[in-house]
Amino acid sequence: MDLLSIRDLKRVAGPVSQSVVFRAQLEKCLQKTTKTGNPFYELTFSDSEESLVLRVWNNSPMFDLCGQLRNGHFVEVSGEFGLGNDGRSIDGKTWKARVLNELETAEVLAGSESLRAKQEEDYSFIETSVAVILDPRLARLCGGFLEHYGERFKRTGAARDYHHARRGGLVEHVAQMMRSAVRICEAYPMLNRDLLVAGVLFHDIGKLWENVYEEKGFTMPYTEISELMGHIPLGMEIVNRLWRELLDEDDLRKEWGDLEPASERVRLHLLHLIASHHGELAFGSPVVPKTPEAQALHYIDNLDAKMEMYDRGYEVAPELGKNVYERVRPLPGRLIAPLQVFEQGNNASSEE
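Each residue of the sequence shown is one higher than the one before, counting from 776 in the numbering used here.
Shown next as structure tokens:
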């Protein structure tokens, strides 16, 4: 049996069970009770890209096995899997699990080769984009952040659900937003490129405390500080702290004293981008976008999140009919397969 990722398992699962092997972390193993009082287990497995929930009923031969599994274990699961009766969930007909050794665990944590390569490329693009910032204050601020928090950044998700909800997902999200921001600045010269790139880097930086994964796992713990503050106030606080630390250096304070625009205005405009990036008060921003860069950041953020939802949806959503897929929340309706790009000569009349 070929080793599959959880995303691959979801993609290939059908009404007829098939032999499958996957490796993942057992994030949660909960014993629950049905409405009729029968016990069952609910297991959540997670790998570098997806999570999978399996329910094991008390009449299943795997029921006793579940009682031996422990939260946090990295395991290899092999058995017969297919779609459940609802046509959406994954059902394990028969399966077994073994705990992975240290080397196997490290491989699972690292993710697939393609994901590792993508995230490395994305992080390199972020570093390159920051390196060409001309404003010395924003350049030092962004560079200092990457130096101090880069490793934590690399294991943070962009969200708990919906988009880029995986270890390193925030790096992917920020890099793609930066690509869009650079191109949009070319189309709209009125935009301050340095400010917008810095805003992209810092807009979700509070998620390094809200959506960070454990150093050796796919569990995203809940913390008191993130629950009490939220990622927008946390991000503003981090930027303010980094800014103050830079100004504590006498040479920099003197060097920046006569720069235009004034350093205090630069700081305020950057904070405004973080504060307003959700776009509306109803969506959690304490203020609406009031500058061109803030408005651009809001749309760039929203666009990248939505495109990720579509991209993932086409891979894991059940196909309801030709070119029609199950709705992926929070998108507003069922997904329709995108129109293929036209290629010259790719038509029926040209075929021999």
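Even for Gly, the Cβ is constructed at its ideal location relative to N, Cα and C.
Check: Can you tell me whether DSSP reads Ser1113 as helix, strand or coil?
Finding: A small correction: the amino acid at residue 1113 is Pro; Ser does not occupy that position in the sequence shown. Assigned with DSSP and collapsed to three states, Pro1113 falls in coil, not helix or strand.
Next item on the list: Tell whether a beta-carbon distance below 7 Å holds between Leu970 and His1052.
Entry: 7 Å or more divides the Cβ of Leu970 from the Cβ of His1052.
Check: So Ala802 is in the beta strand (DSSP E); what residue range does that whole segment cover?
Finding: For clarity, residue 802 is Glu in the given sequence; the question names Ala instead. Per DSSP, Glu802 is one residue of the beta strand (DSSP E) stretching across 793-808.
Margin query: So, with DSSP's three-state summary, where would you put Asp1023?
Written below: Here Asp1023 sits in coil by DSSP.
Next item on the list: Output the boundary residues of the beta strand (DSSP E) element that contains Glu990.
Entry: In this chain, Glu990 is not harboured by any beta strand (DSSP E), its DSSP state being neither H nor E.
Next item on the list: Use the C-beta contact count for Tyr997: other C-beta atoms within 10 angstroms, 16 or more gives buried, fewer gives exposed.
Entry: Around the beta-carbon of Tyr997, fewer than 16 other beta-carbon atoms lie within 10 Å, marking it exposed.
Note to self: What does the Cβ neighbour count give for Ser889, buried or exposed, with the cut at 16 atoms within 10 Å?
What the structure shows: Counting Cβ neighbours within 10 Å, Ser889 comes out exposed, since fewer than 16 surround it.
Next item on the list: With DSSP collapsed to three states, give me the class of Glu902.
Entry: Residue state, collapsed to three classes: helix.
Check: To the nearest angstrom, how far is it from the Cα of Lys807 to the Cα of Glu1002?
Finding: Approximately 27 Å between the Cα atoms of the pair.
Notebook entry, point to check: Hey, is the segment 898-909 in contact with the segment 879-886, meaning 3+ C-beta pairs nearer than 8 Å?
Noted result: With a cut-off of 8 Å, the segment 879-886 and the segment 898-909 do not count as touching, because too few Cβ pairs lie within range.
Checklist line | Which of helix, strand or coil DSSP assigns to Thr931 | finding: Thr931: strand per DSSP, three-state reduction.
Check: Does the distance from the CB of Glu802 to the CB of Ser821 come in under 7 Å?
Finding: Cβ atoms of Glu802 and Ser821: closer than 7 Å.
Notebook entry, point to check: Taking three-plus beta-carbon pairs below 8 Å as touching, is the segment 939-959 in contact with the segment 1045-1065?
Noted result: Touching, no, given that fewer than three Cβ pairs across the two stretches are closer than 8 Å.
Next item on the list: Starting from Tyr816, follow its DSSP beta bridges and name the residues at the other end.
Entry: In DSSP, Tyr816 forms a bridge with Gln806, Val831.
Checklist line | Rounded straight-line distance, which links the Cα of Pro911 to that of Asp1026 | finding: One alpha carbon belongs to Asp1026, the other to Pro911, and they sit about 13 Å apart.
Next item on the list: Could you check if Trp832 is buried or exposed, using at least 16 other CB atoms within 10 Å of its CB as the buried criterion?
Entry: Under this definition Trp832 is an exposed residue.
Margin query: If the criterion is Cβ atoms closer than 7 Å, does the pair Gln800 and Gly992 meet it?
Written below: Taking 7 Å as the Cβ cut-off, Gln800 and Gly992 qualify as a contacting pair.
Notebook entry, point to check: Under 7 Å between C-beta atoms, does Glu896 make it to chain B?
Noted result: Of the protein chains in this structure there is only one, and it is not chain B.
Next item on the list: Please state whether DSSP places Glu1083 in a helix, a strand or coil.
Entry: Helix at Glu1083.
Next item on the list: With a 10 Å radius around its C-beta and 16 neighbouring C-beta atoms as the bar for buried, classify Val1062 as buried or exposed.
Entry: Under this definition Val1062 is an exposed residue.
Margin query: Can you tell me where the beta strand (DSSP E) holding Phe856 begins and where it ends?
Written below: Unbroken beta strand (DSSP E) run through Phe856: 849-858.
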